Structure formats: C-alpha cells, structure tokens
Amino acid sequence: MSDAVDAVTRGHGVPATRGRPIAFWGVVLLAVTESMLFVVLLVSWFYLWSRESQWPPAGVEPPELVVSGIRSVVLLSTSATIWLAERGLRRGDRRAAWNWTVATVAGAGFFLATHVREFVWQVPREFLWSDHAYGSMYWTILNFHGAHVAVGIIIWVFMLVRLGRGAFGPDDTVPFETASIYWHAVDAIWVFVWTSMYLLPNLLGG
Numbered sequence: 001m002s003d004a005v006d007a008v009t010r011g012h013g014v015p016a017t018r019g020r021p022i023a024f025w026g027v028v029l030l031a032v033t034e035s036m037l038f039v040v041l042l043v044s045w046f047y048l049w050s051r052e053s054q055w056p057p058a059g060v061e062p063p064e065l066v067v068s069g070i071r072s073v074v075l076l077s078t079s080a081t082i083w084l085a086e087r088g089l090r091r092g093d094r095r096a097a098w099n100w101t102v103a104t105v106a107g108a109g110f111f112l113a114t115h116v117r118e119f120v121w122q123v124p125r126e127f128l129w130s131d132h133a134y135g136s137m138y139w140t141i142l143n144f145h146g147a148h149v150a151v152g153i154i155i156w157v158f159m160l161v162r163l164g165r166g167a168f169g170p171d172d173t174v175p176f177e178t179a180s181i182y183w184h185a186v187d188a189i190w191v192f193v194w195t196s197m198y199l200l201p202n203l204l205g206g
C-alpha cells in the first residue's frame with residue numbers, strides 16, 4: 001500500500017499505470033496551439049509580401065544575417081542543453097541537471113538580450129510598426145516570439161529554484177519533460193521565423 005502511495009506522490013497525483021499527467025498533455029496542446037498562431041502570422045507575412053512590389057520596402061535594409069545567425073545557433077543549442085539536463089536528472093546526477101539548466105538559461109538570456117537590443121537601439125532607427133505592413137509584421141512576429149522566450153526563461157529559473165531545494169530526481173522528471181516540450185517548440189518555431197524573416201528577404205527581397 002505504501003509503495004502505491006509513493007508512486008502516486010512521485011507522479012504528482014497520477015499513478016504510473018495511467019500514463020502521463022494531464023499537465024503534460026496540456027502543455028503539448030499549448031505548444032501545438034502556439035505553433036498554429038505562428039503559422040497564421042507567417043502566412044500573413046508571405047501574403048503581404050506577395051502584394052508588395054518590394055519587400056522590405058524602399059529605404060529599409062534587409063535584416064542582417066551574421067548576428068541573427070549567431071544568436072539563432074545559441075538559441076537552438078539550448079534544446080540540446082536542456083535535453084542533457086533531463087538526462088542528468090534521469091541518472092540521478094543533480095549537479096549535471098543544474099549545470100545544464102543554467103546553460104539553457106544563459107543561452108536563452110543571451111538571445112533575449114540581443115532581441116531587446118535589436119528592438120530598442122536598431123530597428124526603431126529604420127522603421128516602426130506603424131510605418132508600413134512590413135514594419136507591422138516584423139515587430140509583431142519577432143516580439144511575439146521574444147515574449148515566448150521570456151516566458152521560457154521564467155520557467156527554467158523556477159526549475160532551478162526547485163532543483164536547489166531538492167526537488168526532482170530519477171523518478172520525478174515529469175516537470176522537466178513538460179517544460180522542455182514548450183521550450184523545444186519555441187526553438188523549432190524560431191527556425192521558421194528566422195528563415196522567413198531574415199534569410200528569405202535577403203535572398204528573394206527587392
């Protein structure tokens with residue numbers, strides 16, 4: 001009887017025989033929903049592009065690729081670091097889980113800091129969201145994604161706090177697995193956002 005109670009406690013109230021907890025599937029649904037929102041936004045981006053004779057519009061330089069490429073690599077690498085954190089947790093190596101989660105927060109923080117720099121010091125000098133359709137979509141899509149990164153950082157900082165207090169372990173990885181679904185979705189979405197809004201305007205714009 002006590003073993004069954006322990007199993008329920010470790011599974012956050014859901015016995016292992018019942019599969020994953022509802023929170024896990026809730027985050028899966030959230031990730032799918034948020035991905036669909038970005039699909040709609042990017043379809044709008046390409047639709048407006050098809051209606052314009054020049055994209056970006058005259059007087060606006062195509063987005064730079066070097067810094068955005070570096071920050072993209074850093075962001076995508078955080079999917080690997082959080083996977084390593086999960087792996088360490090399953091092995092019972094809490095130090096590895098902590099270190100790799102810190103690396104994830106650091107990478108995400110770097111990405112968000114460069115995003116803020118872009119929209120505080122760089123982009124406003126060229127155009128605002130109210131100047132044209134390009135500006136409206138550029139500000140909306142990229143800041144929407146930036147907000148998702150900020151939420152992810154908050155989640156992982158919370159996980160670090162709980163790790164520091166002794167939470168989680170080989171039999172209690174569900175919170176990490178659940179949070180990582182959201183994070184992997186954020187990273188995957190960025191691949192399509194960067195390709196659509198940075199790379200293609202440089203290759204096909206004008």
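In this text, residue positions in the sequence shown follow this note's numbering: the first is 1, and each later residue adds one.
Every residue, glycine too, gets a C-beta built ideally from N, C-alpha and C.
Since we're looking at a predicted model, the values are computed, not measured.
What whole-angstrom Cβ distance do residue i and residue j have, given they're in contact under 8 angstroms?
i: Leu-112; j: Ile-153; result: 7 angstroms
i: Ala-185; j: Glu-34; result: 7 angstroms
i: Ser-196; j: Leu-42; result: 5 angstroms
i: Trp-209; j: Met-137; result: Outside the displayed range of the chain (1 to 206) lies residue 209, so it cannot be described from this structure.
i: Phe-24; j: Thr-178; result: 5 angstroms
i: Pro-63; j: Pro-201; result: 6 angstroms
i: Glu-126; j: Glu-61; result: 7 angstroms
Considering only C-alpha positions, which residue in the set the options is nearest to residue i?
i: Leu-89; options: Pro-57, Thr-114, Met-159 and Trp-121; result: Met-159
i: Leu-199; options: Ser-68, Val-27, Thr-173 and Ala-106; result: Ser-68
i: Trp-98; options: Gly-109, Met-197 and Trp-83; result: Trp-83
i: Phe-176; options: Arg-51, Thr-104, Gln-54 and Leu-65; result: Thr-104
i: Gln-54; options: Ala-108, Ile-22, Pro-21 and Tyr-134; result: Tyr-134
i: Pro-190; options: Arg-20, Val-39, Val-27 and Gly-26; result: Before going on, a small fix: residue 190 reads as Trp here, not Pro. Cα-wise, what sits closest to Trp-190 is Val-39.
i: Thr-114; options: Asp-171, Asn-143, Asp-131 and Ser-130; result: Asn-143
i: Val-149; options: Phe-110, His-132 and Trp-139; result: Phe-110
i: Gly-166; options: Met-36, Arg-95 and Asp-131; result: Arg-95
i: Leu-48; options: His-132, Asp-171 and Val-116; result: His-132
i: Thr-101; options: Trp-139, Arg-162, Gln-122 and His-145; result: Arg-162
i: Trp-139; options: Asp-171, Val-116 and Val-157; result: Val-116
i: His-145; options: Gln-122, Leu-37 and Asp-171; result: Leu-37
What residues match up with residue i in a beta bridge as DSSP calls it?
i: Asp-172; result: Gly-169
Here's the rule: buried if 16 or more other CB atoms are within 10 angstroms of the residue's CB, otherwise exposed. What is residue i?
i: Gly-59; result: exposed
i: Ser-50; result: exposed
i: Ala-147; result: exposed
i: Ala-56; result: First, the amino acid is wrong: residue 56 is Pro here, not Ala. Counting Cβ neighbours within 10 Å, Pro-56 comes out buried, since at least 16 surround it.
i: Val-120; result: exposed
i: Arg-71; result: buried
i: Leu-204; result: exposed
When the distance is taken between beta carbons, is residue j closer than 8 angstroms to residue i?
i: Ile-141; j: Ala-31; result: no
i: Gly-92; j: Gly-169; result: yes
i: Leu-128; j: Gly-107; result: no
i: Asp-187; j: Thr-78; result: yes
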